[in-house]
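**Q**
Numbering (our numbering), first residue to last: -18 to 333.
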């Protein structure tokens, strides 16, 4: 596909996404819009793992650790400051700092990928148990009572920046959440198109060759891990804004498993695939929960098995491959066809 055509198609897709985000509140009911707001916040979480797993080669089983830290950081700051602007910043900075500390010991300690998954999983369990054990009145940070297994209800939602009295409506919250999803997607696309993103992919492909070219794979993985933690923290703030509540279940291992299913269904190694997989799976889970006809975990397991066996690439890569088969590639021109008629004739004459 020519570069100009691909660039134009991407620009049109971005414009259509902006238009869709803008008009959705006026075209669907409030309940459906609130569901889309939840799906968009979880899609940001999916992008955080899709980036480090699909492009960095780092499979983290504890992505909800950063998600939960972002949610609790936002809730605590919002209760104390009564302003969402610094709270959102803290929801990004705190998980990023935690990812920097954790990632430093993992990557500079030269821990293998298998143990990396175990460590991130263990850290998530530790955070879950720690937060779950803060049910007493003495467990508070400033004005924020942590609440233990009961969680923190009535968390202040987003407001107009630096105007705490002007709380955002559900429609405005959708615009913020949808805009955050689109902005995160474009940010990661930009990072991957830059030399820094190519270095991330190069380290995933072959660390030895990347180090021979002068790059330190440990630093590259650490920076990738930090960016992923920051994005997951932003997703946590968006999630808490949606429900005005945060509890220890935000660190749950079942959610960590769901993120992996989202990416597997949508397509590993893409950015659009995890968004599609997240929205599709979350819609299925919400529909099953409303019908109470069967166990949602059983359905998720069946979906994972089907996609692993029948569509191992995922939805988006499979659809892209089918499109490439349906649209024939342009035939390369022969050397004589690229020459002017007079030049082609003289060329043939010289050949004779």
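From the three backbone atoms N, C-alpha and C, an ideal C-beta is built for every residue, glycine too.
In the structure shown, what three-state DSSP assignment does residue 196 receive?
**A** It is coil, neither helix nor strand.
**Q** Can you grab the Cα-Cα spacing for the pair residue 239 / residue 45, in whole Å?
**A** The alpha-carbon atoms of residue 239 and residue 45 are separated by roughly 10 Å.
**Q** Based on Cα-Cα distance, which residue from 100, 138, 43, 86 lies nearest to residue 65?
**A** Residue 138 is the option with its Cα nearest to residue 65.
**Q** Give me the Cα-Cα distance between residue 176 and residue 136, rounded to the nearest whole angstrom.
**A** About 41 Å.
**Q** For residue 230 and residue 213, I'd like the C-alpha separation in whole angstroms.
**A** Going from the Cα of residue 230 to the Cα of residue 213 covers about 15 Å.
**Q** Can you have a look at residue 185 and say buried or exposed, based on whether 16 or more other CB atoms are within 10 angstroms of its CB?
**A** Buried: at least 16 other Cβ atoms inside 10 Å.
**Q** I'd like the list of long-range same chain contacts for residue 88, defined as Cβ closer than 6 Å, with 5 residues on each side in sequence excluded.
**A** Within the same chain, residue 88 has close Cβ partners 199, 202, 203.
**Q** Which residues bound the alpha helix (DSSP H) around residue 120?
**A** Where residue 120 is concerned, there is no enclosing alpha helix (DSSP H), given that its DSSP letter is neither H nor E.
**Q** Could you pull out every residue in the same chain whose Cβ sits closer than 8 Å to the Cβ of residue 194, ignoring the five residues on either side in sequence?
**A** Within the same chain, residue 194 has close Cβ partners 183.
**Q** Count the other CB atoms, across all protein chains shown, that sit within 10 Å of the CB of residue 162; report buried if there are 16 or more and exposed otherwise.
**A** Flag for residue 162 reads buried.
**Q** For the structure I just gave you, are there three or more beta carbon pairs, one from the region 208 to 224 and one from the region 66 to 79, closer than 8 Å?
**A** They touch, by the three-pair rule.
**Q** In three-state terms, what does DSSP make of residue 176?
**A** Residue 176 falls in the helix class under three-state DSSP.
**Q** Check residue 63 in the structure and name its three-state DSSP category.
**A** Here residue 63 sits in coil by DSSP.
**Q** Kindly list the residues whose CB is nearer than 6 Å to the CB of residue 232, restricted to its own chain and excluding five residues on each side of it in sequence; keep chain order.
**A** Excluding positions up to five away in sequence, the list reads 45, 49, 105, 108, 109.
**Q** Hey, residue 101 and residue 42 are a contact pair by Cβ (cut 8 Å); roughly how many whole angstroms apart?
**A** That pair is a contact at about 5 Å.
**Q** Please name the residue, chosen from 206, 13, 286, 124, that lies closest to residue 82 on a Cα-to-Cα basis.
**A** Minimum Cα distance to residue 82 is reached at 206.
**Q** Could you spell out where the beta strand (DSSP E) holding residue 229 opens and where it closes?
**A** No beta strand (DSSP E) contains residue 229, which DSSP labels as neither H nor E.
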